[in-house]
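Notes for the one structure printed next.
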Amino acid sequence: MEGKYTFNEFSKDLDDGYKVMFDYVRNRYKIYKVNENCYMQELVELKTKNPVPEKAMITFKAVKQMFPYMEEIEYQVGTPEG
Numbered sequence: 170m171e172g173k174y175t176f177n178e179f180s181k182d183l184d185d186g187y188k189v190m191f192d193y194v195r196n197r198y199k200i201y202k203v204n205e206n207c208y209m210q211e212l213v214e215l216k217t218k219n220p221v222p223e224k225a226m227i228t229f230k231a232v233k234q235m236f237p238y239m240e241e242i243e244y245q246v247g248t249p250e251g
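Numbering (our numbering), first residue to last: 170 to 251.
This is the structure:
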């Protein structure tokens with residue numbers, strides 16, 4: 170990928186049905202769009218000793234606030250159930 174990956178590109182990828190894996194605050198998560206302004210965030214790998222929820226529904230605003238701190242972003246194609 171050339172250049173800087175923007176939040177608008179990230180948002181479009183979620184709209185297009187991608188599941189996105191990323192590191193955030195040292196933990197590995199998967200996020201995907203469930204409905205308009207509704208996203209599922211799943212804990213994939215716990216790397217810290219801090220308790221965090223395994224699954225959480227989050228809003229578009231929360232996704233946008235986390236985006237600048239996401240690292241090691243990778244994609245999965247499929248439905249939320251798959």
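Just so it is clear, CB atoms sit at the ideal spot from N, CA and C, and this is done for glycine as well.
This structure is a prediction, so every number in the text was calculated from the model and none was measured.
Since residue i sits in a beta bridge, which residues does DSSP pair it with?
i: F191; result: Y198
i: I227; result: Y208
i: F244; result: It should be pointed out that residue 244 corresponds to Tyr in this sequence rather than to Phe. In DSSP, Y244 forms a bridge with V189.
Buried or exposed for residue i, please, with buried defined as at least 16 other CB atoms from any protein chain shown within 10 angstroms of its CB.
i: M239; result: buried
i: Q245; result: exposed
i: Q169; result: Because residue 169 is not part of the residues shown, which for the chain are 170 to 251, the question remains open.
i: Y226; result: Checking the sequence shown, residue 226 turns out to be Met, not Tyr. With fewer than 16 other Cβ atoms within 10 Å, it is exposed.
May I ask you to report which of helix, strand or coil DSSP gives residue i?
i: G251; result: For G251, the predicted structure reports a pLDDT of 48, less than 50, and the residue's modelled location is therefore unreliable. The matter cannot be settled from this model.
i: V221; result: coil
With hydrogens ignored, establish whether the beta-carbon of residue i is closer than 7 Å to any heavy atom of the ligand SAM.
i: E240; result: This structure simply doesn't include the ligand SAM, nor any ligand for that matter.
Return the first residue and the last residue of the alpha helix (DSSP H) that residue i is part of.
i: L183; result: F176 to D184
Any beta carbon of chain D sitting closer than 8 Å to that of residue i?
i: A231; result: No chain D is part of this structure, which consists of one protein chain only.
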